[in-house]
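*Asks:*
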Amino acid sequence: MSRRSVPHAFTAVDSQSRPAELVEVLKRLTAEPFYGAYKQRLRELLHARPGGRFLDVGAGTGEGALALSADSGARVVGADSSLTMATAMKGAGLGHVVVADGHRLPFRDSCFDGAWADRVLQHVEDPARVADEMARVVRPGGRIVLADPDYATQVLDIEDQHLAAQVLRFRAEVNLRNGTLAHRHAGMLAVRALEDIEVEARTLLVRDPTAVDNVMGLRSWAHTAAARGHLDPADADRFVAQFDQAVHTGRFTYAVTFFLTSGTLPISGGSGSTRGTAGE
Numbered sequence: 009m010s011r012r013s014v015p016h017a018f019t020a021v022d023s024q025s026r027p028a029e030l031v032e033v034l035k036r037l038t039a040e041p042f043y044g045a046y047k048q049r050l051r052e053l054l055h056a057r058p059g060g061r062f063l064d065v066g067a068g069t070g071e072g073a074l075a076l077s078a079d080s081g082a083r084v085v086g087a088d089s090s091l092t093m094a095t096a097m098k099g100a101g102l103g104h105v106v107v108a109d110g111h112r113l114p115f116r117d118s119c120f121d122g123a124w125a126d127r128v129l130q131h132v133e134d135p136a137r138v139a140d141e142m143a144r145v146v147r148p149g150g151r152i153v154l155a156d157p158d159y160a161t162q163v164l165d166i167e168d169q170h171l172a173a174q175v176l177r178f179r180a181e182v183n184l185r186n187g188t189l190a191h192r193h194a195g196m197l198a199v200r201a202l203e204d205i206e207v208e209a210r211t212l213l214v215r216d217p218t219a220v221d222n223v224m225g226l227r228s229w230a231h232t233a234a235a236r237g238h239l240d241p242a243d244a245d246r247f248v249a250q251f252d253q254a255v256h257t258g259r260f261t262y263a264v265t266f267f268l269t270s271g272t273l274p275i276s277g278g279s280g281s282t283r284g285t286a287g288e
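For the sequence shown, position 2 matches number 10 in the numbering used here, and the numbering has no gaps at all.
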């Protein structure tokens with residue numbers, strides 16, 4: 009079968025046929041208790057204070073940026089490569105919005121007190137470069153926080169565990185650029201000389217298949233894999249049948265672990281890249 013890559017919709021939001029639907033997906037997920045709780049923890053890890061200046065890289069709808077500003081009194085800039093998402097941020101009331109690629113942030117060195125990327129590095133072409141850019145624009149003593157699910161940690165209870173593993177592997181290794189990177193975020197910060205690095209794990213456990221935006225569309229993953237040549241169509245049909253049977257019998261269980269990783273830029277000595285020193 010073909011091993012060609014299958015770009016995820018959030019990799020290129022504006023090129024989708026109905027990009028506004030992705031705005032609604034993010035809003036639905038943010039409303040989920042699990043997402044709300046871990047996002048609140050991300051904001052706490054930034055150590056924001058009134059008057060501070062923070063950058064949300066890949067800010068999406070801007071809800072996280074608005075929440076940080078409301079919680080702490082800090083000034084927050086929302087940056088996203090998608091014009092659709094930037095429009096949504098402005099519509100939500102975020103005052104400072106920039107259409108920008110995380111690989112090339114249009115800010116001068118050391119101009120923020122902290123930066124975070126929430127479920128962003130899993131989608132980008134070069135996570136290391138995005139981390140370099142975040143380290144470049146954050147001042148010494150400032151904070152960097154990263155969060156992503158690590159799809160290598162997925163489990164799904166259906167009858168055929170080999171088939172489940174095939175579909176989950178498609179999600180982890182093909183449908184996402186960096187679906188199994190999150191457990192390596194601490195190492196990424198360490199090689200950039202950050203200090204006080206901490207990692208927290210939060211497991212999303214779903215028993216109701218209608219929750220979490222239908223478990224992020226899990227029921228459709230097998231047919232997506234089949235359409236791209238990564239799974240036999242008959243196996244895709246069998247996956248859906250077993251998925252529905254698991255739901256009907258009450259055995260359905262899906263879980264994936266999110267990693268929340270934070271660190272502090274050292275006060276003395278260089279860290280990160282010095283590329284792109286353009287001002288705002």
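From the three backbone atoms N, C-alpha and C, an ideal C-beta is built for every residue, glycine too.
Starting from G271, follow its DSSP beta bridges and name the residues at the other end.
*Replies:* I152
*Asks:* Pick from A173, R200 and D64: whose alpha carbon is nearest that of R127?
*Replies:* D64
*Asks:* Beta-carbon within less than 6 Å of G278's beta-carbon, same chain only, minus the 5 sequence neighbours each way: which residues are those?
*Replies:* Since pLDDT at G278 reaches only 44, below the 50 mark, its modelled position is unreliable, and no value is offered.
*Asks:* How is A45 classed by DSSP in three states: helix, strand or coil?
*Replies:* If DSSP states are grouped into helix, strand and coil, A45 belongs with the helices.
*Asks:* L164 to Y262, Cα distance in whole Å?
*Replies:* 5 Å
*Asks:* Tell me whether V292 sits in a helix, a strand or coil according to DSSP, three-state version.
*Replies:* Absent from the structure is residue 292, since the part of the chain shown begins at 9 and ends at 288.
*Asks:* Secondary structure at G258, three-state DSSP: helix, strand or coil?
*Replies:* Coil, per DSSP.
*Asks:* Distance check for P114 and E288, CA to CA, integer angstroms please.
*Replies:* In this predicted model, E288 has a pLDDT of only 36, less than 50, meaning its place in the structure is not dependable; the value taken from the coordinates is given anyway. Taking the straight line from one Cα to the other gives about 6 Å.
*Asks:* How is R116 classed by DSSP in three states: helix, strand or coil?
*Replies:* coil
*Asks:* Helix, strand or coil for D121? Go by DSSP, reduced to three states.
*Replies:* strand
*Asks:* Which residues bound the beta strand (DSSP E) around E203?
*Replies:* E203 to V214
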